[in-house]
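S.K.:
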Amino acid sequence: MRTRENVIWQDGLLDEKIEEKVCKYLESKHPEYRSIKEQIRVLLQQNPKIREILGLDGEMALTVPEHKALNKVLQLENKKNLIEREYYFYMGQAMGFSYKAMLAEMRRALEDSSRDRAVDQVLEMIMDSRLDDLEEKLKAENREYSNALEEVSRQEEILYNMNLPKEKRVQVDRYVTAVNQRWILYAEALYTAGMRDILALIEG
1 MRTRENVIWQ DGLLDEKIEE KVCKYLESKH PEYRSIKEQI RVLLQQNPKI
51 REILGLDGEM ALTVPEHKAL NKVLQLENKK NLIEREYYFY MGQAMGFSYK
101 AMLAEMRRAL EDSSRDRAVD QVLEMIMDSR LDDLEEKLKA ENREYSNALE
151 EVSRQEEILY NMNLPKEKRV QVDRYVTAVN QRWILYAEAL YTAGMRDILA
201 LIEG
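Everything in the sequence shown is counted per UniProt numbering, starting at 1 for the first residue and increasing by one.
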């Protein structure tokens, strides 16, 4: 049977989407990953010949410091790739495999305290990904949601045109930010609770 998942895998689209989502998540939420990328950037900037070698632009003689820097870059690239592959696996489960299998695996991970310390980060990444997908789906398919976004923009423009004093604008911004943060936390808690309820039903 030619399922939607099979089509995605066959066309190679899922791999690209997973890579994009994983790198985006790691850039925003994984300090070690960001640090490694920055170290690579600095080393390549300080040793431009390494770029030519990594790009296979021909033979290039390196000085001793440049050779050491090259080895360091390769080590850092390896560490970076290991982090990416770990997250590719979990994101692949979330996007490519059946939800029943994925949820069963997540339940075991949640209940086994000896599992990798990154479980919480992985769950957060999956939740972030689902929320991003839902946002795009709502924008494309839900007219009521689109109307709500338009109303937000309209009200923002009205507020801006009121020319409030700076201290009042700051206070309004703080209030709106606090309200938004409250609903974001509520949505995340609701999502997590629902996930745990589904896990309990599947394996209970």
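Positions of the beta carbon are idealized from the N, C-alpha and C atoms, including for glycine.
With DSSP as the reference, label H67 as helix, strand or coil.
M.R.: Helix at H67.
S.K.: Around the C-beta of F97, are 16 or more other C-beta atoms found within 10 angstroms, so that it is buried, or is it exposed?
M.R.: Bear in mind that a pLDDT of 48 at F97, under 50, signals an unreliable position, so the model cannot answer this.
S.K.: Classify L164 as helix, strand or coil using the three-state DSSP reduction.
M.R.: DSSP places L164 in coil when its eight states are reduced to three.
S.K.: Taking all protein chains shown into account, do 16 or more other C-beta atoms lie within 10 angstroms of the C-beta of K139, making it buried, or fewer, making it exposed?
M.R.: That one is exposed.
S.K.: Do you know offhand how far Y186's Cα is from E151's?
M.R.: Whole-angstrom Cα-Cα distance: 22 Å.
S.K.: Can you confirm whether N163, when its beta carbon is compared against all beta carbons of chain B, has any partner nearer than 7 Å?
M.R.: Absent here is chain B; the protein component of the structure consists of one chain.
S.K.: Can you tell me whether P165 is buried or exposed? The criterion is at least 16 other CB atoms within 10 Å of its CB, across all chains shown.
M.R.: Counting Cβ neighbours within 10 Å, P165 comes out exposed, since fewer than 16 surround it.
S.K.: For I36 versus K79, is the C-beta distance shorter than 7 Å?
M.R.: Cβ distance < 7 Å, so I36 and K79 count as in contact.
S.K.: Which value, in whole angstroms, describes the spacing of the CA atoms of K68 and E19?
M.R.: Roughly 30 Å between the two C-alpha positions.
S.K.: Answer yes or no: do Q39 and L76 have a C-beta to C-beta separation smaller than 7 Å?
M.R.: Cβ atoms of Q39 and L76: closer than 7 Å.
S.K.: Hey, would you say L44 sits closer than 7 Å to Y33, going by beta carbons?
M.R.: Result no, Cβ atoms of L44 and Y33 do not sit closer than 7 Å.
S.K.: Along the chain, where does the alpha helix (DSSP H) containing P31 start, and where does it finish?
M.R.: That run of the alpha helix (DSSP H) goes 31-46.
S.K.: Which of the three DSSP states, helix, strand or coil, is assigned to N78?
M.R.: If DSSP states are grouped into helix, strand and coil, N78 belongs with the helices.
S.K.: For E180, which of helix, strand or coil comes out of DSSP?
M.R.: Note on identity: in this sequence residue 180 is Asn, with Glu being the wrong assignment. Helix at N180.
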